[in-house]
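Engineer: Anchor point for the sequence shown: position 35 equals 35 in the UniProt record's numbering, and the numbering is continuous, going up by one each time.
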Amino acid sequence: MTQRYHYGPVQSRRLGRSLGVDVMPHKTCSLDCIYCECGATSLLTLERKEYLPTQEIIDDLDQCLKKNPELDYITFAGSGEPTLHSGLGKIINFLKEKYPQFRVAVLTNATLLNDPAVIDDLQKADLVVPSLDGVSTQAFEKMNRPAANITPETIISGIKNLKENFSGEIWLEIFIIPEINDSEEELALFKETIEKLGIKKVQLNTLDRPGAVEELKPVSQEYKDEIAQKLGQVEIVNRK
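1. In the DSSP assignment, what residue or residues form a beta bridge with Gly16?
2. Sorted by chain position, which residues of the same chain lie with C-beta nearer than 7 Å to Cys36's C-beta, five sequence neighbours on each side aside?
3. Is the stretch 15-27 in contact with the stretch 134-153, if contact means three or more CB pairs nearer than 8 Å?
4. Less than 7 Å between the C-beta atoms of Gly89 and Cys29, yes or no?
5. Asn205 by DSSP, collapsed to three states: which one?
6. With distances taken between CB atoms, is the gap from Gly168 to Leu132 smaller than 7 Å?
7. Could you give the distance in angstroms between the alpha-carbon of Leu122 and the alpha-carbon of Asp60?
8. From which residue to which residue does the alpha helix (DSSP H) around Thr154 run?
9. Within 10 Å of its beta-carbon, does Pro9 have 16 or more other beta-carbons around it, so buried, or fewer, so exposed?
10. Can you list, in chain order, the stretches of the alpha helix (DSSP H) that have 4 or more residues and sit fully within the stretch 40-96?
11. What whole-angstrom Cβ distance do Ser136 and Pro152 have, given they're in contact under 8 Å?
12. Since Ser131 sits in a beta bridge, which residues does DSSP pair it with?
13. Based on Cα-Cα distance, which residue from Glu235, Thr193, Gly158 and Lys200 lies nearest to Asn114?
14. State the start and end residues of the unbroken beta strand (DSSP E) segment that holds Ala105.
15. Tell whether a beta-carbon distance below 7 Å holds between Glu50 and Ser86.
16. In terms of residue numbering, what span does the alpha helix (DSSP H) encompassing Glu184 cover?
17. Look at the alpha carbon of Lys196 and the alpha carbon of Thr206, and state the distance between them as a whole number of angstroms.
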């Protein structure tokens with residue numbers, strides 16, 4: 001019997017009834033985000049490789065999906081950055097070939113979206129949701145605590161590359177933490193970047209559960225509304 005690589009289905013605040021797929025060992029990531037509900041990153045890396053057995057993941061999903069569960073999405077997310085897994089494209093291709101009735105989403109921190117191999121792996125996904133948590137270096141580094149050589153420019157150029165080379169849906173997520181990335185200057189940079197990227201659906205998110213840094217606090221509904229107005233056409237992710 002293979003290890004279980006899926007979780008749920010769960011009721012996602014953004015994606016409805018979602019079957020999660022975790023293709024990475026716990027907290028293997030290219031960022032160490034202060035708000036991550038899975039805790040601090042234990043392996044901070046940009047190396048793409050087969051971290052978990054690709055065929056085992058496929059077999060596990062096959063066993064689950066042959067029961068034809070009621071789903072809105074199969075979502076690659078979980079305890080690490082899914083695009084670090086070199087078998088991601090093979091898994092997505094399997095899902096779309098054998099179970100085309102299910103929509104596939106990939107949640108990504110956007111650190112590897114300048115890599116042509118990653119863009120190729122994402123081609124058959126229906127939806128990719130990259131994150132952008134800081135446009136200034138100061139806000140980005142405080143929020144995301146990145147691997148070496150990852151900058152806000154890396155993230156923004158990667159999202160731009162995805163938009164130019166991916167035909168599926170793209171939603172942009174911005175995660176707000178008070179007093180870190182919510183200054184007037186930072187919000188103005190977010191708005192400018194959103195307009196330049198031209199992504200039509202932007203989601204504003206905040207803490208739902210405790211993050212890696214314990215003292216962080218969620219944003220009130222009123223403050224989220226205020227930020228959304230400043231950013232323009234932004235959808236607020238609400239607790240459900």
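The C-beta atom is built at its ideal place from N, Cα and C for all residues, glycine as well. No experiment lies behind these values; they were computed from the predicted model shown.
Structural biologist: Taking the geometry as given:
1. The residue given as residue 16 occupies position 16 in the sequence shown. DSSP output for Gly16 lists Ser12 as bridge partner(s).
2. Walking along the sequence shown from the start, residue 36 turns up at place 36. Correct list, in chain order: Gly211 and Ala212.
3. no
4. Position 89 of the sequence shown holds residue 89. Position 29 of the sequence shown holds residue 29. No, these two residues do not count as a Cβ contact at 7 Å.
5. In the sequence shown, residue 205 corresponds to position 205, counting from 1. In this structure, Asn205 counts as strand in the three-state DSSP scheme.
6. Counting from 1 along the sequence shown, the entry for residue 168 is found at position 168. Counting from 1 along the sequence shown, the entry for residue 132 is found at position 132. In this structure, Leu132 does not lie closer than 7 Å to Gly168 by Cβ.
7. Numbered from 1 along the sequence shown, position 122 holds the residue referred to as residue 122. Numbered from 1 along the sequence shown, position 60 holds the residue referred to as residue 60. Approximately 20 Å, taken between the alpha carbons.
8. Taking the first residue of the sequence shown as position 1, residue 154 is located at position 154. Counting along the chain, the alpha helix (DSSP H) containing Thr154 begins and ends at Pro152 to Asn165.
9. Locating residue 9 in the sequence shown gives position 9, where the first residue counts as 1. By the neighbour-count rule (16 or more Cβ atoms within 10 Å), Pro9 is buried.
10. 54-65
11. On the sequence shown, position 136 is the one that residue 136 refers to. On the sequence shown, position 152 is the one that residue 152 refers to. About 7 Å separates the two Cβ atoms, so the contact holds.
12. For the purposes of this step, residue 131 is identified with residue 131 of the sequence shown, where counting begins at 1. For Ser131, which the question treats as bridged, DSSP gives the partners Glu173.
13. Residue mapping note: residue 114 aligns to position 114 of the sequence shown, counting from 1. Asn114 has its Cα closest to that of Gly158, out of Glu235, Thr193, Gly158 and Lys200.
14. By one-based count along the sequence shown, residue 105 stands at place 105. From DSSP, the beta strand (DSSP E) with Ala105 extends over Val104 to Thr108.
15. If you number the sequence shown from 1, residue 50 lands on position 50. If you number the sequence shown from 1, residue 86 lands on position 86. A contact, by the Cβ cut-off of 7 Å.
16. The residue given as residue 184 occupies position 184 in the sequence shown. Where Glu184 is concerned, the enclosing alpha helix (DSSP H) stretches over Glu184 to Leu197.
17. Counting from one through the sequence shown, the residue named residue 196 turns up at place 196. Counting from one through the sequence shown, the residue named residue 206 turns up at place 206. Going by the C-alpha atoms only, they are around 23 Å apart.
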